[in-house]
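Q:
In the UniProt record's numbering, the protein residues as written are 1 to 74.
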């Protein structure tokens, strides 16, 4: 469990959020909240590479890691 206010406890997701903000959020001026939500959804679901292996995930893809997590969490 990460401590409140400590970004080093969750470095992977902090890095992802930083990239997301630099590549999408700060480059776009949204007219509505719905437009922003749609843009973020499309970036995460279609642009983000969910098939690339990650050393921090035990050399699994994010999709494989999520499947293993759900299997063991059930």
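The beta carbon of each residue, even a glycine, is placed where N, CA and C say it ideally should be.
Bear in mind that the values here come from a model prediction, so they are computed numbers and not experimental data.
Please report the residue range of the alpha helix (DSSP H) in which residue 69 lies.
A: 62-73
Q: Cα separation between residue 38 and residue 59?
A: 30 angstroms
Q: In the DSSP assignment, what residue or residues form a beta bridge with residue 54?
A: DSSP lists 60 as partners of residue 54.
Q: Just curious, the alpha helix (DSSP H) that residue 41 is in, first and last residue?
A: 33-42
Q: Straight-line CA distance for residue 53 to residue 63?
A: 9 angstroms
Q: Helix, strand or coil, according to DSSP, for residue 10 in the structure here?
A: Reduced to three states, the DSSP call for residue 10 is helix.
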